[in-house]
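K.L.:
As you go down the protein sequences, you meet chains A and B in turn. So for the first sequence, the UniProt record's numbering puts the first residue at 1; every next one is plus one. So for the second sequence, the UniProt record's numbering puts the first residue at 1; every next one is plus one.
2 protein chains.
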Amino acid sequence: MKVMQAADFVLKRDEEDVYAEQREAALAILAEVKASGDAAVIAYTEQFDGAALDDLRIPADAYEAAYEQVTPEFLDALRAAILNIRRYHEAQKRTSLLLPDADGNLLGQIIRPLQRVGVYVPGGRAAYPSSVMMNVIPAQVAGVPEIVLVTPPDREGKIDPNVLVTIRELGITEAYRIGGAQAVGALAYGTETIRPVDKITGPGNIYVALAKQAVFGQVAIDMIAGPSEVLVIADESADPDYVAADMLSQAEHDPLAAAICVTPCADLAVRVANALVEQLEQLPRREIAEASIRNYGAIVVTKSLDEAVELSNRIAPEHLELMTEDALSLVGRIENAGAIFVGKYSSEPVGDYFAGPNHTLPTSGTARFSSPLGVDDFIKKSSLICYSKDALLKNGHHVIALAEAEGLTAHANAIRVRLEKEREVR
Amino acid sequence: MKVMQAADFVLKRDEEDVYAEQREAALAILAEVKASGDAAVIAYTEQFDGAALDDLRIPADAYEAAYEQVTPEFLDALRAAILNIRRYHEAQKRTSLLLPDADGNLLGQIIRPLQRVGVYVPGGRAAYPSSVMMNVIPAQVAGVPEIVLVTPPDREGKIDPNVLVTIRELGITEAYRIGGAQAVGALAYGTETIRPVDKITGPGNIYVALAKQAVFGQVAIDMIAGPSEVLVIADESADPDYVAADMLSQAEHDPLAAAICVTPCADLAVRVANALVEQLEQLPRREIAEASIRNYGAIVVTKSLDEAVELSNRIAPEHLELMTEDALSLVGRIENAGAIFVGKYSSEPVGDYFAGPNHTLPTSGTARFSSPLGVDDFIKKSSLICYSKDALLKNGHHVIALAEAEGLTAHANAIRVRLEKEREVR
């Protein structure tokens, strides 16, 4: 664990394309799925997941069996979380705009849900019911009529019971037990069984990410997530145990995850460093967390709280925790952050699972220009222009002047032909 | 001009990467700008634009000279258009959300403008004041504090007076006379003179488009526009001269532009075809328009108005004109379109220049999942989670249950360490 000065700190990520080989593999899989449809998807599922499927759909009886397997604590927690996440996203919903004016024009912005969305849910060694909630709920709130879910099966073709129960609790009825680049291909191009979607969201391994990148344009995708980050701004009032615990909850995700504490208090820096060592020893996922802390972890001592805020704005962290006195008053100075957790009770996992806001957040400094996943990601807008005869007669010459300034004479002509005819009619 | 049935019509674009060579060139330019900054930008400007610049900035006195050169008609039209475009985009503005609850939690969605945005304005043979308006105004309405504009100069290092006057009317003070991939590189990476931006928007030639694609991730970009399209749904009430004039105003943009009329009225189809031939003869940009109409133009006769709407939804046109009786009643059935122009006075150029909505629209069928450029493209959102002690004590066990279901024990621990301490303190 490095303790350093703000000026010395740079969160450096590898810029090289270390994934050339995986990219080639993903592209080959996509091409094969495009060409051969279901047959290719079935073959890849056997090859990569070890499951021989006769039917891509998750069978209906799997859900009932899953309810027997999950704990009552999980089901209670899930239902409470769904309510919270739905309530938060409902507040993001927007309505179409209409701007009538005195010239008789109607201008508008029509907001409609996407028609068909595919949600990728990772599987394999781990299972992520929270991914199901965080991708499906905003799409549902947006009003997307067709939401299709894909998730890779185990060798028996089975899906994690917690994930199955989450799918059912959310009322998703079209779900397939496929994963990897082959699932992305099926969603983008369609197969005999699966109709193509308009957008694919949800996290996955490197093959999934590269496949999503490759089909972008054919369909929309959410942002490709990089490694996860938390930055904690703390002062002498912070509890070092809480700071360390939150840093480790980020670090356990991935050896590439970054957990950074920024503090003007040198004493706190030392106490956080000690707490990290202590807590690390008790972690089942110690190996991952330790690698993350060693390579990307840092405790940065700043000259002031102002400097801490500045550094944070420069890094634009995915998760930002403010554990300072009167933390809420810092919020207005935070320029770039995916999610801001205020005060000592706002531990990051509260946001990952439960509070309501989305846990899909911009990583790798992209909070400078991008935003958490939300209802806006599942809608499309159309402009509406309903121009009146009066307005055209009054303003037509302006349109002509602007078109001619750009040398676009057919544009000017489209107005002129109307002005001539309509003035006659008058 | 082909007249055909709906079932036979597919708007087919080339899917191959025909730009491999240009992509390589753009990447080489970007690398050089990243390495050598201003020196590289100056060298490329000399090489590609033929201008030897001592200063990248557009000189202050150029603006005053430009006001002497533009016509009063242009200036009047420009000022009227700016008011309209600003008024429309003001209506798109959104405010931050705050959701307090009875448990003492504060959840929120904070909306902030991007900090620094680069607008690319094409130059060279043509000049596009409308591009300046349509990119700058939504950024200004969003509240972006730093808007920097780039546009390529002529061989004397000069910029079109109409563009200069537009820049000045909008109050943009940071503008550079550079273009091409080198300008994109300067905006993305920064040089000695130009600080890097968070997002680059605006249209350009193929090198600009490929360079924008390449820097995506480093900065945000707007959508890369494909060739322009208009689809006109018309019935027997439509004026074939208006339909043809609007189709040609699209066709004159680019030999790859697509102008399509879809009508259930075979008689109108013939009359539109005739009007096209007639009007084409009088067009200065006839060669371009003719190529576009020949290759991508079509008049499609449908069995019904319903079938016309269906076809349009399938194509998801950039511009959709509805020239039917009671056209406004069709709007609710339009699933996919960048902008919808309703009725015979709503000629597409009215929207391109003047009415208020943005003219930067999703092309090539991407209206299925994307939207016109607008204020939303110049903001970023941050989630806010300010959790209370009461809520944590009440719900902590739910967060733990969900974290443990995903095997993320450090997440569970971050909650547990708080529950233990805070319950003691109670």
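C-beta: ideal position from N, C-alpha, C; glycine also.
Report yes or no: is there a C-beta of chain B within less than 9 Å of the C-beta of Asn135 (chain A)?
P.N.:
With 9 Å as the cut-off, Asn135 (chain A) does not count as an interface residue toward chain B.
K.L.:
How would you label Arg368 (chain B), buried or exposed, when you count the other beta carbons within 10 angstroms and need 16 or more for buried?
P.N.:
Flag for Arg368 (chain B) reads buried.
K.L.:
When the Cα of Val208 (chain A) is compared with those of A:Lys421, A:Ala28, A:Tyr242, A:Asn358, which residue comes out closest?
P.N.:
Checking every option, the nearest Cα to that of Val208 (chain A) belongs to A:Ala28.
K.L.:
Going by the CB atoms, is the gap between Glu310 (chain A) and Val230 (chain A) shorter than 9 Å?
P.N.:
No, the pair does not count as a contact, with Cβ atoms beyond the cut-off.
K.L.:
With Met133 (chain A) and Thr360 (chain A) assumed to form a contact (beta carbons below 8 Å), what rounded beta-carbon distance in angstroms separates them?
P.N.:
Contact flag wrong, Cβ pair sits at about 11 Å.
K.L.:
Give me the subset of the segment 379–401 of chain B whose CB atoms are less than 7 Å from a CB atom of chain A, sorted by chain position.
P.N.:
The residues in question are Lys380, Lys381, Ser382, Ser383, Leu384, Ile385, Cys386, Tyr387, Ser388, Lys389, Leu392, Asn395, His398, Val399, Ala401.
K.L.:
Jot down the residue ranges of each uninterrupted alpha helix (DSSP H) in the segment 249–334 of chain A, minimum 4 residues, whole runs only, in chain order.
P.N.:
With a minimum length of 4 residues, the continuous alpha helix (DSSP H) runs that stay inside the segment 249–334 of chain A are 266–280, 286–296, 305–315.
K.L.:
Within 10 angstroms of the Cβ of Gly365 (chain A), are there 16 or more other Cβ atoms? Answer buried if so, exposed if not.
P.N.:
The residue is buried, with at least 16 neighbouring Cβ atoms inside 10 Å.
K.L.:
Near Gly143 (chain A), which residues of its chain fall below 6 Å by C-beta distance, leaving aside the five closest residues on each side in sequence?
P.N.:
Contacts found: Pro113.
K.L.:
Straight-line CA distance for Ile233 (chain A) to Val117 (chain B)?
P.N.:
Answer to the nearest angstrom: the Cα atoms are 28 Å apart.
K.L.:
When you compare the segment 284–297 of chain A with the segment 238–257 of chain A, are there three or more beta-carbon pairs, one atom per stretch, that lie closer than 8 Å?
P.N.:
In short, these stretches touch, since the Cβ pair count reaches three.
K.L.:
Check each residue of the segment 97–112 of chain A: if its Cβ is closer than 8 Å to any Cβ of chain B, include it; give the result in chain order.
P.N.:
Residues passing the 8 Å Cβ filter: Leu97, Leu99, Asn105, Leu106, Leu107, Gln109, Ile110, Arg112.
K.L.:
Using 10 angstroms around the beta-carbon of Ala273 (chain B), count the other beta-carbons present and answer buried if the total reaches 16, otherwise exposed.
P.N.:
That one is buried.
K.L.:
Quick one: is Arg285 (chain A) near chain B, going by C-beta distance under 9 Å?
P.N.:
With 9 Å as the cut-off, Arg285 (chain A) counts as an interface residue toward chain B.
K.L.:
Please list, in chain order, the residues of the segment 40–57 of chain B that have any C-beta partner in chain A closer than 8 Å.
P.N.:
The residues in question: there are none.
K.L.:
Of all Cβ atoms in chain A, is any one closer than 9 Å to the Cβ of Gln182 (chain B)?
P.N.:
Answer no: the Cβ-Cβ gap between Gln182 (chain B) and chain A never drops below 9 Å.
K.L.:
If you draw a straight line from the C-alpha of Val262 (chain A) to the C-alpha of Ala81 (chain B), how long is it?
P.N.:
Between Val262 (chain A) and Ala81 (chain B), the C-alpha separation is close to 48 Å.
K.L.:
Could you spell out where the alpha helix (DSSP H) holding Lys394 (chain B) opens and where it closes?
P.N.:
Segment 389–405, the alpha helix (DSSP H) holding Lys394 (chain B).
K.L.:
I'd like to know if Ala367 (chain B) contacts chain A, where contact means its C-beta is closer than 9 Å to some C-beta of that chain.
P.N.:
Chain A contact via Cβ: present.
K.L.:
Count the other CB atoms within 10 Å of the CB of Leu392 (chain A); is the residue buried (16 or more) or exposed (fewer)?
P.N.:
So Leu392 (chain A) ends up on the buried side.
K.L.:
Arg87 (chain A) lies in the alpha helix (DSSP H); which residues open and close that run?
P.N.:
Counting along the chain, the alpha helix (DSSP H) containing Arg87 (chain A) begins and ends at 72–90.
K.L.:
Within 9 Å of any Cβ in chain A, is that where the Cβ of Glu73 (chain B) sits?
P.N.:
Interface residue, yes.
K.L.:
Going by Cα to Cα distance, which pick from A:Asp154, A:Leu276, A:Lys199 is closest to Ile299 (chain A)?
P.N.:
The shortest C-alpha separation from Ile299 (chain A) is found at A:Leu276.
K.L.:
Could you tell me which chain A residues have their CB closer than 7 Å to the CB of Val246 (chain B), listed as they occur along the chain?
P.N.:
The sequence as given places Asp at residue 246 (chain B); Val does not occur at that position. The answer, in chain order, is Ala414.
K.L.:
Please state whether DSSP places Lys381 (chain A) in a helix, a strand or coil.
P.N.:
Correct three-state label for Lys381 (chain A): strand.
K.L.:
If you draw a straight line from the C-alpha of Arg423 (chain B) to the C-alpha of Tyr88 (chain A), how long is it?
P.N.:
About 28 Å.
K.L.:
What is the residue span of the beta strand (DSSP E) that Gln109 (chain B) lies within?
P.N.:
Unbroken beta strand (DSSP E) run through Gln109 (chain B): 106–113.
K.L.:
Would you report the Cα separation of Gly356 (chain B) and Ala211 (chain B), rounded to the nearest angstrom?
P.N.:
Those two C-alpha atoms are separated by around 29 Å.
K.L.:
Who are the near neighbours of Arg333 (chain A) in its chain, counting only those whose CB is closer than 7 Å to its CB and skipping five residues on each side?
P.N.:
Hits under 7 Å: Val309.
K.L.:
Can you pull out the residues from the segment 190–206 of chain A whose beta carbon lies closer than 7 Å to at least one beta carbon of chain B?
P.N.:
Cβ contacts with chain B: Asp198, Lys199.
K.L.:
Measure how close the beta-carbons of Pro145 (chain A) and Gln115 (chain A) come, nearest whole angstrom, since I'm counting them as under 8 Å.
P.N.:
With a Cβ gap of about 7 Å, Pro145 (chain A) and Gln115 (chain A) count as contacting.
K.L.:
Could you name the residues of chain B that Asp154 (chain A) contacts, counting a contact when the two beta carbons are closer than 8 Å?
P.N.:
What Asp154 (chain A) touches in chain B: nothing, since even the nearest Cβ is about 15 Å away.
K.L.:
Strictly below 7 Å CB to CB, what residues from chain B border Asn162 (chain A)?
P.N.:
The answer, in chain order, is Ala405.
K.L.:
Could you name the residues of chain A that Asp376 (chain B) contacts, counting a contact when the two beta carbons are closer than 9 Å?
P.N.:
Chain A residues near Asp376 (chain B): Asp376, Lys381.
K.L.:
How would you label Asn339 (chain A), buried or exposed, when you count the other beta carbons within 10 angstroms and need 16 or more for buried?
P.N.:
Here the sequence assigns Ala to residue 339 (chain A), which means Asn is not the residue at that position. Per the 10 Å Cβ criterion, buried.
K.L.:
Between the segment 171–181 of chain A and the segment 56–63 of chain A, do three or more beta carbon pairs fall short of 8 Å?
P.N.:
Yes, the segment 171–181 of chain A touches the segment 56–63 of chain A.
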